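2 protein chains.
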Amino acid sequence: MIGIFDSGIGGMTVARAVEQLLPEYSILYLGDIARTPYGTKSPETIIDYSLRNTEFLLEKGSEMIVIACNTASSVATERLRQEFKVPIVEVITPAVQEVIARTRTGRIGVIGTRATIRSNIYEKTLNSLHPDYKVYSEACPLLVPLVEEGWMNKRETKMILRRYLHPLINKQIDTLVLGCTHYPLLKELIQPRIGRRVTLVDSSIETARYLEKFLRENPQVVSRPAGEVTHTYYVTDLTDSAQQVATHIFKRNVELKLV
Amino acid sequence: MIGIFDSGIGGMTVARAVEQLLPEYSILYLGDIARTPYGTKSPETIIDYSLRNTEFLLEKGSEMIVIACNTASSVATERLRQEFKVPIVEVITPAVQEVIARTRTGRIGVIGTRATIRSNIYEKTLNSLHPDYKVYSEACPLLVPLVEEGWMNKRETKMILRRYLHPLINKQIDTLVLGCTHYPLLKELIQPRIGRRVTLVDSSIETARYLEKFLRENPQVVSRPAGEVTHTYYVTDLTDSAQQVATHIFKRNVELKLV
Numbered sequence: 014m015i016g017i018f019d020s021g022i023g024g025m026t027v028a029r030a031v032e033q034l035l036p037e038y039s040i041l042y043l044g045d046i047a048r049t050p051y052g053t054k055s056p057e058t059i060i061d062y063s064l065r066n067t068e069f070l071l072e073k074g075s076e077m078i079v080i081a082c083n084t085a086s087s088v089a090t091e092r093l094r095q096e097f098k099v100p101i102v103e104v105i106t107p108a109v110q111e112v113i114a115r116t117r118t119g120r121i122g123v124i125g126t127r128a129t130i131r132s133n134i135y136e137k138t139l140n141s142l143h144p145d146y147k148v149y150s151e152a153c154p155l156l157v158p159l160v161e162e163g164w165m166n167k168r169e170t171k172m173i174l175r176r177y178l179h180p181l182i183n184k185q186i187d188t189l190v191l192g193c194t195h196y197p198l199l200k201e202l203i204q205p206r207i208g209r210r211v212t213l214v215d216s217s218i219e220t221a222r223y224l225e226k227f228l229r230e231n232p233q234v235v236s237r238p239a240g241e242v243t244h245t246y247y248v249t250d251l252t253d254s255a256q257q258v259a260t261h262i263f264k265r266n267v268e269l270k271l272v
Numbered sequence: 014m015i016g017i018f019d020s021g022i023g024g025m026t027v028a029r030a031v032e033q034l035l036p037e038y039s040i041l042y043l044g045d046i047a048r049t050p051y052g053t054k055s056p057e058t059i060i061d062y063s064l065r066n067t068e069f070l071l072e073k074g075s076e077m078i079v080i081a082c083n084t085a086s087s088v089a090t091e092r093l094r095q096e097f098k099v100p101i102v103e104v105i106t107p108a109v110q111e112v113i114a115r116t117r118t119g120r121i122g123v124i125g126t127r128a129t130i131r132s133n134i135y136e137k138t139l140n141s142l143h144p145d146y147k148v149y150s151e152a153c154p155l156l157v158p159l160v161e162e163g164w165m166n167k168r169e170t171k172m173i174l175r176r177y178l179h180p181l182i183n184k185q186i187d188t189l190v191l192g193c194t195h196y197p198l199l200k201e202l203i204q205p206r207i208g209r210r211v212t213l214v215d216s217s218i219e220t221a222r223y224l225e226k227f228l229r230e231n232p233q234v235v236s237r238p239a240g241e242v243t244h245t246y247y248v249t250d251l252t253d254s255a256q257q258v259a260t261h262i263f264k265r266n267v268e269l270k271l272v
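Chains as they are written, first to last, in my numbering: chain A, 14 to 272; chain B, 14 to 272.
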């Protein structure tokens, strides 16, 4: 079973991509809605929550863990790898690999939560491989609440996006990392505002592709169910708007189970 | 010592009013920033967090509790009064009393978080005393993140406020309850948008006044320090933006202590 966790519902964009790319595997998802959001909180608190989420998923039978949250990936991956022996996949490396494959000018933009941007993880990782790359980052803390409210098509969301993206437009980037698993839901608003020539790198889809490759190379890590596969979606709190956004992401009714 | 808790920093608007009205008392504040916000979460989760916050404040020597959060007041007050013997003051009753004193037409608006509005607490309480009052409520879930970002003067905040207040304008209310302790920080934006003739009722200030009256009538409940009074501000997580908003509210540097 593949265990996936996120601070809330954003990571379901990863889970949906995994369901589609790897239909032969069972999935166990945990959305920590009771403590959402992570992106405005301190590294210590994010690490503490990530440890608890991982313990929960392992107790329930997960054979590996996917951190489907850029914030938790940025600050908690190292600690989780120290504490647990199972393979841990995070969302940064897959997005970084895709950036390297796609950029031509080496001028790269990154948007994410305050915690992700403050960790500087994308810049550090990209520059460790390509010291010549110029990486420009912008924290966009209001995008998560706007998505969780379902305001994907409101004028105010477009204005706020324009304000956040403005500093990046002057930097003549050719690639923009959507460094938060909520942001794929805003892709259609982001593309025209950042410019049609800028390639958007979706960390959710890249992570699912990375996982597919990982499991092809390491098939022994996760067992495939002999009978039907199961996709179980746990949450630490149950709210109407979480249910609505889940339905929007999966384009089907998903039963959210309270832990 | 007076114990005050909130989901985060909004309740500091209550704490500041208490500092000013009751300078002879020591205050112990707890802002549950690690789990903020409460307003988008379920009643069960909000009750659980409120119980833990109250236990913390009592262990540290509080002699009474002020729930400086409309969301927690709406859904957790009854349970806290069952569990604990100390007096518990919440923010709804003081605001309701002020509404009754101020309204002439009995047409009242209430704005708050999703959890507060869903609880219907203002409408129930007002109508139990005055069945003829017409109470119109609007959930404004994005105002808390906007305030926590310090976007008190941004054009987008004004537009979002106009969108939220629009349905109330048609209702010809004469009184509007700011039913969230973050909203006093938006008072100057709300007044011109709802209309100069509408009286704004600030639940933070009313709660401090209510507490002042309560302690004048029940001076035995809270001891007055013989020496200097102390104002201690605990938080469950420490972030830069919390520190900034705290400074904005108190108009001085406030030391936030991590629990």
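Virtual Cβ for every residue (Gly too), placed ideally from N, Cα, C.
Bear in mind the structure is a predicted one, so any value in this text is a computation, not a measurement.
| Item | Value |
| --- | --- |
| Considering only the alpha carbon of each residue, which of B:ASN166, B:VAL123, B:ILE80 lies closest to ALA152 of chain B? | B:VAL123 |
| How long is the line joining the alpha carbons of THR84 of chain B and VAL211 of chain B, rounded to whole angstroms? | 24 Å |
| Name, going along the chain, the residues of the stretch 27 to 56 of chain A whose beta-carbon falls closer than 9 Å to a beta-carbon of chain B. | ILE46, ALA47, ARG48, THR49, PRO50, THR53, LYS54, SER55 |
| When DSSP labels each residue in this structure, what does ALA47 of chain A get in the three-state scheme? | helix |
| I'd like the list of long-range same chain contacts for TYR294 of chain B, defined as Cβ closer than 6 Å, with 5 residues on each side in sequence excluded. | Residue 294 of chain B lies beyond the residue range present for chain B, which begins at 14 and ends at 272; the question has no answer from this structure. |
| Which same chain residues, not among the five before or five after LEU159 of chain A, have their C-beta less than 6 Å away from its C-beta? | THR170 |
| Report yes if the CB atom of THR252 of chain B is closer than 9 Å to the CB atom of VAL272 of chain B, and no otherwise. | no |
| Give the single residue among B:TYR177, B:ILE207, B:GLU161 whose Cα lies nearest to the Cα of THR26 of chain B. | B:GLU161 |
| Is ASP45 of chain B near the ligand NAD, judged by its Cβ being under 8 Å from some heavy atom? | Of the ligands one can find in the structure shown there are none, so the ligand NAD has no counterpart to examine. |
| What residue does the alpha helix (DSSP H) around HIS261 of chain A start on, and which one ends it? | 253 to 263 |
| Sort A:TRP164, A:TYR62, A:PRO100 by Cα distance to GLN257 of chain A and report the nearest one. | A:TRP164 |
| What whole-angstrom Cβ distance do ILE78 of chain B and VAL99 of chain B have, given they're in contact under 8 Å? | 6 Å |
| Report the start-end ranges of each beta strand (DSSP E) in the stretch 189 to 261 of chain B that is 3 residues or longer and not cut off at the edges. | 212 to 215, 244 to 248 |
| I want to verify the contact list: residues of chain A whose CB lies under 7 Å from the CB of THR252 of chain B, in sequence order. | THR53, LYS54, SER55 |
| Can you give the Cα-Cα distance for HIS179 of chain A and PHE69 of chain A, rounded to whole angstroms? | 41 Å |
| So SER216 of chain A and PRO107 of chain A are in contact, right, with Cβ under 8 Å, and what is the actual spacing, rounded? | 7 Å |
| Quick test of your reading: GLY23 of chain B and HIS195 of chain B, contact by CB under 8 Å. State the CB separation rounded to the nearest angstrom. | 4 Å |
| Since GLY172 of chain A meets chain B, which of its residues come closer than 8 Å, beta carbon to beta carbon? | Checking the displayed sequence, the identity of residue 172 of chain A turns out to be Met instead of Gly. Under the 8 Å cutoff, chain B gives ARG168, GLU169, MET172. |
| Using the beta-carbon count (16 or more within 10 Å), is ARG117 of chain B buried or exposed? | exposed |
| Under 6 Å Cβ to Cβ from SER86 of chain A, same chain only, skipping five residues before and after it: list those, please. | ILE80, GLU103, VAL104, ILE105 |
| Can you name the residues of chain A whose CB is closer than 9 Å to the CB of PRO144 of chain B? | Here the premise fails: no neighbours, minimum Cβ distance about 29 Å. |
| For ILE121 of chain B versus TYR149 of chain B, is the C-beta spacing smaller than 9 Å? | yes |
| Output the boundary residues of the alpha helix (DSSP H) element that contains GLU111 of chain A. | 105 to 115 |
| Between A:ASN183, A:PRO154, A:THR188, A:LEU191, which has its C-alpha nearest ILE173 of chain A's C-alpha? | A:PRO154 |
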